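Asks: Here it is, the structure, as structure tokens.
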Amino acid sequence: MSVPMLQIRGLRVRFPVRGARLAATRRWLTAVDAVDLEVADGQAVGIVGESGCGKSTLARAILGLEAPADGSIEWRGTRVHRNDGAALRSLRREVQVVFQDPVGSLDPRMTVGESVTEALEALAGRQAGDAGAARVGATLEEVGLDPSLVKRYPHELSGGQCQRVAIARAIVARPKLLICDEAVSALDVSVQAQIVNLLDELRARHGMALLFISHNLAVVRHLCEEILVMYLGRVVERAPRESIFAAPRHPYTRALLAAVPVPDPVVAAARPRDPLRAASDSGLPSPMGCAFAPRCGAADDMCRSSIPPLEEVRAREFAACHHWRALAPSASPDSRRRAT
Amino acid sequence: MEPRPLFEIRDLVVEFSTARAIVRAVHGVSLEVARGECLAVVGESGSGKSQLFLGSLGLLAAGGVARGSVLFDGREVLGGDGAARREVLGTRLSFVFQDPMNTLTPHLAVGRQLAEVVLDRGLMGPDAARARSIQVLRSVRMPEPESRLRHYPHELSGGQRQRVAIAMALMTDPELLVADEPTTALDVTVQAQVIEVLREARDRGLALVLITHDLGVVAGIADRVAVMYAGRVVECAPVRELFAATAHPYTAALLATVPRLDAPPDRRLKGVEGQPPSPGADVPGCAFAPRCPRVVPRCWEERPALQSLGGRSVACHAPLPASAESGRSGGEEP
């Protein structure tokens, strides 16, 4: 196989911790730690984790909005540098992003048509004659918006409609990769389903790759072939969709699966309550050990003293857990429960 | 004779006067909540589910008017000079809102905000209030409750803030807690914890109204579910019956939108096609007709009334047959 479209190796992004009370030494928070990631043309990759796991920082680093402390990001074999303006501009023609807050990501003083036209002209240059308007109209139709909404302002639209406008802005110049950072989390479930289906259709129609970031595994499952689970900056599990849901290897992946609400009162009554302690409730993880150890039912001294590497469990399946061999794959996330 | 319900809404209408017109958000809804029961009120944004409860307690935004009858423990709380409502609200009946950051005052420590709830009502002295604060923080599973009293809201995570908001609502040991989208802004893992905290409070005898757009969340906690569409209840049923077979096509559509882990992974999610009607647009027939896959000519002309059908009530001219596995569009996997 040729070089993947997007290739990330050993990416590390860190932020200085402020307010350390006149500390002599600067402290750092490592938001993304030693992450490898490839996205091929037309592939849909999901990144899943809780707030603060570094999934959005990873997305921002790909877009050149954060400077990596270490590691490399390559787009079609060329390294992306945050300070190389020309390269970044050409990257942004091919990589676009949709954020969580549909209303906040639109300019309240611009109509829908102006917003989408602005994106088109910024990325593809001024369009001759009516070509621009035609393309904007076609894109709005493609994302399921009535062309009559062209003259409306964001405050006149529902949250789902605003998110469609944000998607129209992102796809109007035909990107090769669309990054969706919690793009459906703020929407009603009924609208969420519409947007997930829309993204799936757009991907199929244009051969556009998708990097879909979410805290909900059940949503990612409908879109992505390859899934990475992140925990406090590190990838803890990575596998194709079929195996991650049928046989999750990492205890954290299992906990995430157990947290998804089950729309069935009989099953819901039988499943274990409270699958996971909150991260902040259980003390800070040791910097020497597995970050998940304080919340993990299977943690022992080894987990607290050495960081588990991301090991190949089977072909294309990776897990970062000292005990993945002992924790036999379970058919259902509900069949196992935490030790405490 | 049935015991008297704890909370009863009778034929409530909520209207807002705007510059252009009077917009009706709730069209005559009746609901009741028994002691110790959890009622889930489910619907999309704009279905009137929040306005129904805000209206019933006189908490509408400016320009809003609620008409009808609202009884708490048999006493009318809507209308009059508001004395009955003030006596109940915040003491025997508490609210939890979606955004905990707006519920909490940013410049006051958690302990002060919790204590104020009972101090301002003269229910406890300072020492008792502090002890009670620690007790309720522990009941919502806040770690190290004593030291949390000194923390400010910005020092807490989103899930912890929501737990503080629930703790505030529990300070007076209310009989009814109304939670309006309490988990919508939260991660699934934190959502599971908040639901668990509410479920434990329910297990201790608290009646609960859970207002949400997500049918997936209610399965694990509700006793009964009322589904609202365009300002009306379209289906109301005990939770097991509702999930075993939905009668209203809207409930079926809403259930099919929930992403579930037991469906085949490559199955497309089903959205509810089309948009809900804009508030105020009152049509002669069924409001769901334009989006309904089972629509019959009668639906356009005559509004279906809420009628009993088996152990549930449904407002539909062409309800789904009771035996159909209508809600289980994904099927079960072993």
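Chains as they are written, first to last, in my numbering: chain G, 761 to 1100; chain S, 1355 to 1688. Beta carbons: idealized from backbone N, C-alpha and C, even for Gly. All values reported here derive from a predicted model rather than from experimental measurement.
(1) If distances are taken between C-alpha atoms only, which option among G:L823, G:R895 and G:C922 comes closest to P868 (chain G)?
(2) Taking a contact to mean a Cβ-Cβ separation below 8 Å, would you say S1410 (chain S) touches L1432 (chain S) in this structure?
(3) Quick check: the region 1018-1032 of chain G against the region 836-851 of chain G, are at least 3 beta-carbon pairs closer than 8 Å?
(4) Taking only beta-carbon positions, decide if K1624 (chain S) is within less than 8 Å of chain G.
(5) Compare the C-beta of C1640 (chain S) with all C-beta atoms of chain G and state if any pair is closer than 8 Å.
(6) Where do the ends of the alpha helix (DSSP H) carrying A978 (chain G) lie?
(7) Is it the case that the region 989-1003 of chain G contacts the region 1064-1078 of chain G, given that we only count it when at least three CB pairs across the two stretches are under 8 Å?
(8) From the DSSP output, which residues share a beta bridge with G790 (chain G)?
(9) At the level of alpha carbons, what is the spacing between H1083 (chain G) and G1057 (chain G)?
(10) Verify the CB distance criterion: does D941 (chain G) have a CB-CB separation below 8 Å to chain S?
(11) If contact means a Cβ-Cβ distance below 7 Å, which residues of the region 1556-1590 of chain S contact chain A?
(12) Within the continuous alpha helix (DSSP H) that includes D1061 (chain G), where are the two ends?
(13) Out of S:R1652, S:G1390, S:L1406 and S:R1364, point me to the one whose CA is closest to R1378 (chain S)'s CA.
(14) Checking contacts by CB at 8 Å: is P1603 (chain S) closer than that to chain G?
(15) By how many angstroms is the C-alpha of M1062 (chain G) removed from the C-alpha of H1010 (chain G)?
(16) Per the DSSP calculation, Y1583 (chain S) is bridged to which residue(s)?
(17) What is the rounded straight-line gap between the Cα of G1417 (chain S) and the Cα of T1372 (chain S)?
(18) Give the interface partners of G1658 (chain S) over in chain G, defined as CB-CB distance under 7 Å, in chain order.
(19) Between the Cα of L942 (chain G) and those of G:A794, G:T899, G:L818 and G:H915, spot the shortest distance and give me the residue it belongs to.
(20) Look at the alpha carbon of R1446 (chain S) and the alpha carbon of S1404 (chain S), and state the distance between them as a whole number of angstroms.
(21) If we cut at 8 Å on Cβ distances, does A1373 (chain S) have a partner in chain G?
(22) Starting from the C-beta of A1659 (chain S), find all residues in its chain whose C-beta is less than 7 Å away, skip the five residues before and the five after it, and write them out in chain order.
(23) Where does G1476 (chain S) fall in DSSP's three states?
(24) Using 8 Å for Cβ pairs, my map puts A969 (chain G) next to V858 (chain G). What's the rounded Cβ distance?
(25) Can you have a look at Q860 (chain G) and say buried or exposed, based on whether 16 or more other CB atoms are within 10 angstroms of its CB?
(26) At a Cβ threshold of 8 Å, is G845 (chain G) touching chain S?
(27) For C940 (chain G), name the three-state secondary structure that DSSP assigns.
(28) Per DSSP, what kind of secondary structure is I1575 (chain S) in: helix, strand or coil?
(29) What residues match up with A1420 (chain S) in a beta bridge as DSSP calls it?
(30) Contact check, P1630 (chain S) vs A1584 (chain S) under 8 Å by CB: the rounded distance?
(31) Within the chosen definition, does the region 805-817 of chain G reach the region 827-838 of chain G through at least 3 CB pairs nearer than 8 Å?
(32) Following the continuous alpha helix (DSSP H) through T1013 (chain G), name the residue where it begins and the one where it ends.
(33) Taking only the alpha-carbon atoms, compute the straight-line gap between F1005 (chain G) and V1548 (chain S) and give it to the nearest angstrom.
(34) So V1612 (chain S) contacts chain G; which residues on that side make the cut at Cβ distance below 7 Å?
(35) Please classify T838 (chain G): does DSSP put it in a helix, a strand, or coil?
(36) Using 7 Å as the cut-off, classify the Cβ of M1522 (chain S) as near or not near the heavy atoms of the ligand FAD, replying yes or no.
Replies: Reading off the structure:
(1) The sequence position of residue 868 (chain G) within the first sequence is 108, counting from 1. For P868 (chain G), the closest alpha carbon among the candidates G:L823, G:R895 and G:C922 is that of G:C922.
(2) Within the second sequence, the letter at position 56 stands for residue 1410 (chain S). Within the second sequence, the letter at position 78 stands for residue 1432 (chain S). Closer than 8 Å, so yes.
(3) Remark: fewer than three beta-carbon pairs, one from each stretch, lie closer than 8 Å, so the region 836-851 of chain G and the region 1018-1032 of chain G are not flagged as touching.
(4) For the purposes of this step, residue 1624 (chain S) is taken as the residue at position 270 of the second sequence. Taking a beta-carbon distance threshold of 8 Å, K1624 (chain S) counts as an interface residue toward chain G.
(5) Looking up residue 1640 (chain S) in the second sequence gives position 286. No - not a single Cβ of chain G is within 8 Å of the one on C1640 (chain S).
(6) Here the question's residue 978 (chain G) lines up with position 218 in the first sequence. Per DSSP, the continuous alpha helix (DSSP H) segment holding A978 (chain G) begins and ends at L977 to V980.
(7) Counting Cβ pairs under 8 Å, three or more are found: they touch.
(8) As a working note, residue 790 (chain G) is residue 30 in the first sequence. Note on identity: in this sequence residue 790 (chain G) is Thr, with Gly being the wrong assignment. Answer is G:R774, bridged to T790 (chain G).
(9) Counting from one through the first sequence, the residue named residue 1083 (chain G) turns up at place 323. Counting from one through the first sequence, the residue named residue 1057 (chain G) turns up at place 297. Looking at the two C-alpha atoms, the distance is approximately 11 Å.
(10) Position 181 of the first sequence, counted from the first residue, corresponds to residue 941 (chain G). Taking 8 Å as the CB threshold, D941 (chain G) stays off the interface with chain S.
(11) Within the model displayed, chain A is absent; protein chains G and S are what it includes.
(12) Within the first sequence, residue 1061 (chain G) is the residue found at index 301, counting from 1. It spans D1061 to S1065 - the alpha helix (DSSP H) in which D1061 (chain G) sits, taken as one unbroken run.
(13) Along the second sequence, one-based indexing puts residue 1378 (chain S) at 24. For the residues S:R1652, S:G1390, S:L1406 and S:R1364, the minimum Cα distance to R1378 (chain S) belongs to S:L1406.
(14) As a first step, residue 1603 (chain S) must be located in the second sequence, where it is residue number 249. P1603 (chain S) does not count as touching chain G.
(15) Translated into the one-based positions of the first sequence, residue 1010 (chain G) becomes position 250. Translated into the one-based positions of the first sequence, residue 1062 (chain G) becomes position 302. If you take the alpha carbons of H1010 (chain G) and M1062 (chain G), they lie about 16 Å apart.
(16) In the second sequence, the residue the question calls residue 1583 (chain S) occupies position 229. For Y1583 (chain S), the pairing in a beta bridge is given by DSSP as S:R1586.
(17) As a position in the second sequence, residue 1417 (chain S) is number 63, starting the count at 1. As a position in the second sequence, residue 1372 (chain S) is number 18, starting the count at 1. G1417 (chain S) and T1372 (chain S) have their C-alpha atoms roughly 7 Å apart.
(18) Taking the first residue of the second sequence as 1, we reach residue 1658 (chain S) at position 304. A small correction: the amino acid at residue 1658 (chain S) is Pro; Gly does not occupy that position in the sequence shown. Close partners of P1658 (chain S) in chain G (Cβ separation under 7 Å) are lacking, with about 21 Å as the shortest Cβ gap.
(19) Stepping through the first sequence from its first residue, residue 942 (chain G) is reached at position 182. The residue you asked about is not Leu; residue 942 (chain G) is Glu in the sequence shown. The option with the nearest alpha carbon to E942 (chain G) is G:L818.
(20) Taking the first residue of the second sequence as 1, we reach residue 1446 (chain S) at position 92. Taking the first residue of the second sequence as 1, we reach residue 1404 (chain S) at position 50. If I take the Cα positions, the gap works out to 19 Å.
(21) Within the second sequence, the letter at position 19 stands for residue 1373 (chain S). No, no contact with chain G.
(22) In the second sequence, counting from the first residue as 1, residue 1659 (chain S) sits at position 305. Excluding residues within five positions, the ones whose Cβ falls inside 7 Å are A1669.
(23) Along the second sequence, read from residue 1 onward, the residue named residue 1476 (chain S) stands at position 122. In the three-state scheme derived from DSSP, where H, G and I count as helix and E and B as strand, G1476 (chain S) is classed as coil.
(24) Translated into positions along the first sequence, residue 969 (chain G) becomes position 209. Translated into positions along the first sequence, residue 858 (chain G) becomes position 98. About 14 Å separates the two Cβ atoms, so there is no contact after all.
(25) Along the first sequence, one-based indexing puts residue 860 (chain G) at 100. The residue in question, Q860 (chain G), is buried, as its Cβ has 16 or more Cβ neighbours within 10 Å.
(26) Looking up residue 845 (chain G) in the first sequence gives position 85. Cβ-Cβ to chain S under 8 Å: no for G845 (chain G).
(27) Here residue 940 (chain G) is taken as the residue at index 180 of the first sequence, counted from 1. Collapsing the DSSP output to three states places C940 (chain G) in a strand.
(28) Position 221 of the second sequence, counting from 1, holds the residue named residue 1575 (chain S). I1575 (chain S) falls in the coil class under three-state DSSP.
(29) As a working note, residue 1420 (chain S) is residue 66 in the second sequence. In the DSSP output, where bridge partners are listed per residue, A1420 (chain S) has S:V1368.
(30) Translated into positions along the second sequence, residue 1630 (chain S) becomes position 276. Translated into positions along the second sequence, residue 1584 (chain S) becomes position 230. With a Cβ gap of about 6 Å, P1630 (chain S) and A1584 (chain S) count as contacting.
(31) With the cut-off at 8 Å, the region 805-817 of chain G and the region 827-838 of chain G do not touch.
(32) Within the first sequence, the letter at position 253 stands for residue 1013 (chain G). Where T1013 (chain G) is concerned, the enclosing alpha helix (DSSP H) stretches over P1011 to A1019.
(33) For this step, residue 1005 (chain G) is matched to residue 245 along the first sequence. For this step, residue 1548 (chain S) is matched to residue 194 along the second sequence. Here the C-alpha atom of F1005 (chain G) lies approximately 25 Å from the C-alpha atom of V1548 (chain S).
(34) Mapped onto the second sequence, residue 1612 (chain S) falls at position 258. Neighbours of V1612 (chain S) on chain G, chain order: V949 and P1023.
(35) Here residue 838 (chain G) refers to the residue found at position 78 of the first sequence. T838 (chain G) falls in the strand class under three-state DSSP.
(36) The ligand FAD is not among the ligands present in this structure, which contains no ligands whatsoever.
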